[in-house]
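Data first, discussion second: the structure below is written as structure tokens.
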Amino acid sequence: MDSRNLIRFLFFTFIIALLLLLTLTTIPLTNTGEPPDCAINSRWCTSKTRFFQPTIKQPPKPTTRIHTTDVPHHPLDPLTLTELDKVRSTLLENQLFLHSNTYALHSVVLEEPDKSFVLTWKPGDPLPARKASVIARVKSKIHVLTVDLGTGEVSPRDVGEHSGYPTMTMEDMTSLTWAPLGDAEFNRTIMARGVDLKDVSCLPISIGWFVKWANWEFHLKPDPRAGIVISRARVKDPNTGEMRNVMYKGFTSELFVPYMDPTDAWYFKTYMDAGEYGFGLQAMPLDPLNDCPRNAYYMDGVFAAGDGKPYVRENMVCVYESYAGDIGWRHSESPITGMEIREVRPKVTLVVRMAASVANYDYIVDWEFQTDGLIRVKVGLSGILMVKGTSYDNMNQVNEPENIYGTLISENVIGVIHDHYITFHLDMDVDGPDNSFVKVNLKRETTQPEESPRLSYLKAVRNVAKTEKDAQVKLKLYDPSEYHIVNPSKKTRVGNPVGYKLVPGGTAASLLDLDDPPQKRGAFTNNQIWVTPYNKSEEWAGGLFAYQSQGDDTLAVWSQRDRAIENKDIVMWYTLGFHHVPCQEDYPIMPTVSSSFDLKPVNFYESNPILNIPPHFEKDLPVCNAVAATA
């Protein structure tokens with residue numbers, strides 16, 4: 003090799019080596035180790051780490067929890083795995099079940115002790131006798147039973163006559179998914195559409211913990227029908243240090259989903275998602291880092307199958323502290339005052355979350371507790387639209403008078419118009435059980451001539467509801483009111499009754515005819531707000547047996563008695579509603595749409611309860627450095 007070629011070879015070798023060196027020092031290697039330390043230890047370092055990772059790692063799964071040694075510690079703790087086993091064995095030895103091979107247990111849950119006992123119980127006190135409430139189907143007959151876990155006694159309960167049936171068991175739903183495929187005519191119609199039967203899936207239609215955080219404490223448990231149940235919610239008074247009662251029990255009572263297509267194939271599609279399918283039974287395991295943030299704590303649900311055998315629904319609930327960048331309170335003085343004052347406090351909240359997949363729809367329910375005493379309940383909707391096929395592939399093919407009952411969201415696919423109504427049972431106990439419901443109406447007052455340059459102003463007029471009918475509310479934008487639950491026996495320093503108020507968010511009202519069969523079943527949506535006297539047997543707005551019911555055991559029926567509610571132990575019911583006219587962005591998977599309502603202190607405290615919380619400073623925050631981020 004002559005000297006010229008040797009020099010050329012060495013030059014190109016040097017250039018290639020230099021390029022390789024620059025590449026290795028500027029492009030991060032595939033991260034095969036753990037995430038950056040700051041991402042593990044800091045709730046402030048979040049998604050930016052993924053920009054430095056060329057591959058997406060599967061999120062870590064929480065350690066599987068063992069429930070065989072669980073024991074109850076609180077009167078409202080749900081039945082444990084061991085207790086569910088005992089309920090099953092006790093029932094199988096009972097005369098009712100001895101000679102029957104055809105039985106199903108539609109519900110096996112804790113029979114809660116009397117409210118008066120729970121309110122006086124303190125940690126360290128003995129627990130009451132543990133009992134199970136059972137809804138069983140034996141030889142096609144429905145039985146409501148109480149099982150005493152201590153004595154083994156099985157007692158029937160008379161719940162009167164009802165038109166409907168209990169919540170379907172998971173076994174019912176599974177068997178129903180296979181039933182259509184056993185019908186030759188059904189299979190023929192599917193294959194005639196060019197669909198392979200292997201691609202067809204059919205869907206059926208119609209443990210407790212005590213949480214202490216910041217100034218809040220409450221009991222939390224999963225329920226097969228309601229999903230999340232929040233009980234004994236109390237908040238600390240910053241002035242006295244006293245834990246004060248806010249809410250005895252809150253949960254999702256019913257979900258009503260009517261579709262707006264009256265044709266033969268669709269008119270019956272009006273669902274009670276909690277009463278028919280079990281909102282908690284349909285809860286899905288939450289996906290760490292995606293359903294809930296890194297700092298979330300996960301809880302399992304322990305339920306009974308149709309044969310009574312217990313099973314675990316892993317990661318059904320997550321609880322996490324949320325730093326959303328919101329502001330708790332702030333004030334800055336105007337520069338013209340000459341005072342340099344700027345005070346700001348961040349808002350930190352605690353979120354309890356579950357997500358249920360009821361057939362095609364996904365519901366995300368959050369209970370959010372804020373340090374200022376506010377409770378926010380938020381419902382998110384996502385999942386897959388219920389659609390129907392059509393020969394149309396463009397709207398210009400649809401004749402003007404024709405009603406397709408929805409929106410053409412893709413070629414040959416119509417998303418049908420429908421509603422969602424989520425009704426909440428809110429047993430408010432503001433500083434004690436006996437409360438009153440007050441409508442604070444905002445009225446326009448007219449000034450007298452020469453009284454003021456103003457012609458009108460607003461005046462707040464307080465009306466205390468005497469009976470149930472006084473408290474039935476249809477929300478109206480041009481007839482505004484505030485809705486207070488107050489304790490008339492407790493007053494603030496300046497004489498106002500202590501209370502909480504319901505603050506509705508965006509919602510919707512049913513437009514169906516009151517005599518329409520689905521609206522009779524869903525008559526609890528006739529008003530957005532109801533107030534009833536506390537009754538242990540009145541928990542499910544659509545009735546105890548909602549499946550195929552006819553509306554004879556609903557919140558609307560109970561309220562016809564027009565019972566007294568002033569200065570009584572009362573329950574408030576609120577319905578959150580959505581009208582859904584599908585659009586192309588909803589297909590094939592809907593972006594989450596949410597709405598919420600607040601339970602907000604109103605004259606509950608003597609002043610702003612978070613005035614003295616400290617601000618955040620840079621030195622208090624964890625540090626994320628470049629080395630950690632690119633490791």
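So in my numbering, the last spot in the sequence shown is 633, and the numbers never skip.
For glycine and all other residues, C-beta sits at the position ideal for the given N, C-alpha and C.
| Query | Result |
| --- | --- |
| Quick check on the burial criterion: 16 or more other C-beta atoms within 10 angstroms. Buried or exposed for Arg90? | buried |
| Given a threshold of 16 other Cβ atoms within 10 Å of its Cβ, counted over all protein chains shown, does Phe619 qualify as buried or as exposed? | exposed |
| How long is the line joining the alpha carbons of Pro616 and Val350, rounded to whole angstroms? | 12 Å |
| Beta-carbon within less than 7 Å of Arg446's beta-carbon, same chain only, minus the 5 sequence neighbours each way: which residues are those? | Ser458, Leu460 |
| With three or more C-beta pairs closer than 8 Å as the rule, is the stretch 241-255 touching the stretch 514-521? | no |
| Expressed to the nearest angstrom, what Euclidean distance is found between the alpha-carbon atoms of Leu410 and Ile487? | 45 Å |
| State the CB to CB distance for the pair Val354 and Asp368, rounded to an integer number of angstroms; the pair is presumed to be in contact (CB under 8 Å). | 7 Å |
| Determine the DSSP secondary structure at Met397, reduced to helix, strand or coil. | helix |
| Could you tell me if Val346 is buried or exposed, where buried requires 16 or more neighbouring beta carbons within 10 angstroms of its beta carbon? | exposed |
| By DSSP's criteria, Asn437 is part of a beta bridge. Which residues make up the other side? | Lys570 |
| For Asn189, which of helix, strand or coil comes out of DSSP? | helix |
| Thinking Leu546 and Val111 are a contact (beta carbons under 8 Å), I'd like their distance in whole angstroms, please. | Actually they do not touch by this definition, with Cβ atoms about 13 Å apart. |
| What ranges does the beta strand (DSSP E) occupy inside the stretch 396-477, keeping only unbroken runs of at least 3 residues that lie completely in it? | 408-412, 415-418, 420-430, 436-448, 458-466 |
| Can you give me the C-alpha to C-alpha distance between Ile319 and Ala306, rounded to a whole angstrom? | Correcting the residue type first, residue 319 is Val in the shown sequence and not Ile. Val319 and Ala306: Cα-Cα distance of roughly 18 Å. |
| Who are the near neighbours of Ser49 in its chain, counting only those whose CB is closer than 7 Å to its CB and skipping five residues on each side? | Confidence is the limiting factor: at Ser49 the pLDDT is only 36, short of 50, which leaves the residue's position unreliable, though a coordinate-based value still follows. Excluding sequence neighbours, Ser49 sits near nothing in its chain. |
| Per DSSP, what kind of secondary structure is Ile612 in: helix, strand or coil? | coil |
| Output yes or no for whether 7 Å exceeds the beta carbon distance between Lys271 and Tyr261. | yes |
| Please report the distance separating the alpha-carbon of Val231 from that of Phe426. | 11 Å |
| Return helix, strand or coil for Lys621, following the three-state DSSP convention. | helix |
| Smallest Cα separation from Pro115: which of Leu81, Leu98, Leu86, Thr92? | Leu81 |
| Given a cut-off of 7 Å, decide if Val304 and Leu514 are closer than it, judged by their beta-carbon atoms. | no |
| By alpha-carbon positions, which one of Val500, Gln284, Arg67, Val559 ends up nearest to Tyr607? | Val500 |
| For the putative contact between Leu504 and Tyr394, defined by C-beta atoms under 8 Å, what is the C-beta separation to the nearest angstrom? | Not quite, the Cβ-Cβ distance comes to about 44 Å (not below 8 Å), so this is no contact. |
| Specify the secondary structure class of Gln552 as computed by DSSP and reduced to three states. | coil |
| Cβ atoms of Asn569 and Gly436: under 7 Å apart, would you say? | What sits at residue 436 in the sequence shown is Asp, not Gly. Yes. Within cutoff. |
| Between the C-alpha atoms of Ser208 and Arg227, what's the straight-line distance to the nearest angstrom? | Note on Ser208: pLDDT 38, under 50, position unreliable in the model; the coordinate value appears next. Taking the straight line joining both Cα atoms gives about 14 Å. |
| Looking only at DSSP bridge pairs, what is His582 linked to? | His420 |
| At which residues does the beta strand (DSSP E) containing Val488 begin and terminate? | 483-493 |
| Using CA atoms only, rank isn't needed, just tell me which of Asn297, Val314, Val140 is closest to Val321. | Asn297 |
| Are the CB atoms of Ile416 and Lys390 within a distance shorter than 7 Å? | yes |
| What number of angstroms, rounded off, separates the C-alpha of Ser448 from the C-alpha of Glu370? | Contrary to the premise, residue 448 reads as Thr rather than Ser in this sequence. Computed Cα separation, rounded: 41 Å. |
| When burial is assigned at 16 or more other CB atoms within 10 Å of the CB, is Tyr300 buried or exposed? | buried |
| I need the boundaries of the alpha helix (DSSP H) containing Thr84, first residue and last residue. | 83-94 |
| With respect to the beta strand (DSSP E) encompassing Pro506, which residues constitute its N-terminal and C-terminal limits? | 499-506 |
| What separation, rounded to the nearest whole angstrom, lies between the Cα atoms of Ser44 and Asn217? | Because the pLDDT at Ser44 is just 38, under 50, the model does not fix this residue reliably, and the point stays unresolved. |
| For Asn236, which residues of its own chain have a beta-carbon under 8 Å away from its beta-carbon, when the five flanking residues on both sides are left out? | Checking the displayed sequence, the identity of residue 236 turns out to be Arg instead of Asn. Within the same chain, Arg236 has close Cβ partners Trp218, Glu219, Phe220, Met245, Arg246, Asn247, Val248. |
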